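Novice:
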Ligand code: TMP
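Residue numbers (the working numbering): 41 to 277.
(1) Please state whether DSSP places residue 188 in a helix, a strand or coil.
(2) Between 58, 256, 149, which has its C-alpha nearest residue 122's C-alpha?
(3) Could you tell me whether the Cβ atoms of residue 124 and residue 229 are closer together than 7 Å?
(4) In its own chain, which residues sit with a C-beta less than 8 Å from the C-beta of residue 106, not counting the 5 before and 5 after it?
(5) In whole angstroms, what separates the C-alpha of residue 249 from that of residue 241?
(6) In chain order, what residues of the same chain have a beta carbon less than 7 Å from the beta carbon of residue 44, not counting five sequence neighbours either side?
(7) Given a cut-off of 7 Å on the beta-carbon distance, is the pair residue 111 and residue 101 in contact?
(8) Please confirm whether residue 53 and residue 68 have their CB atoms less than 7 Å apart.
(9) Are the beta-carbon atoms belonging to residue 254 and residue 262 less than 7 Å from one another?
(10) Would the beta-carbon of residue 79 be found less than 6 Å away from any heavy atom of ligand 1?
(11) With DSSP as the reference, please indicate the residues paired to residue 266 in a beta bridge.
(12) Taking only three categories from DSSP, how would you classify residue 59?
(13) Quick one: what does DSSP say residue 88 is sitting in, helix, strand or coil?
(14) Assuming residue 150 and residue 137 make a contact with CB atoms under 8 Å, what is their CB distance in whole Å?
(15) Exposed or buried, what is residue 259 when buried is set at 16 or more other beta-carbons lying within 10 Å of its beta-carbon?
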């Protein structure tokens with residue numbers, strides 16, 4: 041597999057073409073971003089930890105029958121993935137109230153959400169990822185009604201698998217963000233990443249924050265805590 045030119049540089053990952061037109065390389069950088077790129081720092085080893093963590097989680101999801109973009113680990117910081125036509129929305133599921141939900145609705149952080157809440161956000165840093173609904177997505181042609189339904193179905197399927205997995209490691213999956221794309225056969229496939237950068241995880245007993253809120257809130261020990269999350273799931277880094 042030969043790495044070719046850069047296709048896209050995001051805030052924490054860079055995407056490269058390869059000599060296979062159906063495959064891309066994702067490079068996980070140490071860059072860590074919060075507040076839509078307002079706060080960016082380099083955290084030692086984060087690229088490696090997130091690359092391996094993402095591969096581990098995506099493999100668990102594949103084993104549960106959820107199609108993902110991931111093909112294989114190529115190096116400490118790179119993964120080979122299927123090329124997808126990405127849908128420019130973020131799918132968020134919340135099992136417990138936190139983050140922007142608490143700010144938006146004035147509800148108490150930590151409140152259990154039953155049923156879990158589903159939200160769509162438009163991927164647009166300049167607009168601070170505004171919340172959108174099914175109608176915006178269909179009217180503006182970002183995805184079809186069938187694709188919207190499939191993204192919701194898959195996002196909840198991920199919840200069933202990962203809530204149980206993190207629970208076994210003594211953690212609560214508070215909320216998370218997924219991104220989907222369309223593969224060459226027209227199927228909706230899970231893309232981007234699942235790492236502690238894109239979810240909230242709390243220790244079940246102490247409620248210690250074990251995700252990117254440590255970086256957002258300046259709590260320290262960011263990568264060390266991501267490594268602890270991985271180790272609790274049985275992934276040695
Ligand atoms: P929020 O509470 O800020 O809306 O975030 C909900 C979850 O989605 C949280 O786990 C963080 C994740 N998320 C991202 O990873 N990137 C984003 O751009 C947004 C809006 C949320």
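A virtual CB, placed ideally from N, CA and C, is assigned to each residue, including glycine.
As the structure is a prediction and not an experimental result, all values here were calculated from the model.
Specialist: The answer reads as follows:
(1) helix
(2) Of 58, 256, 149, the residue nearest in Cα terms is 58.
(3) Yes, they are a contact pair.
(4) 194, 197, 198, 201, 230
(5) The alpha-carbon of residue 249 is positioned some 6 Å away from that of residue 241.
(6) Exclusion of the five residues before and after residue 44 leaves 56, 57, 58, 59 as the residues of its chain whose Cβ lies within less than 7 Å of its Cβ.
(7) No, Cβ-Cβ distance for residue 111 and residue 101 is not below 7 Å.
(8) Yes.
(9) The answer is yes: Cβ separation under 7 Å.
(10) Result no, Cβ not under 6 Å from ligand 1.
(11) Residue 266 is not bridged to any residue.
(12) Of the three classes helix, strand and coil, the one that applies to residue 59 here is coil, per DSSP.
(13) helix
(14) 7 Å
(15) exposed
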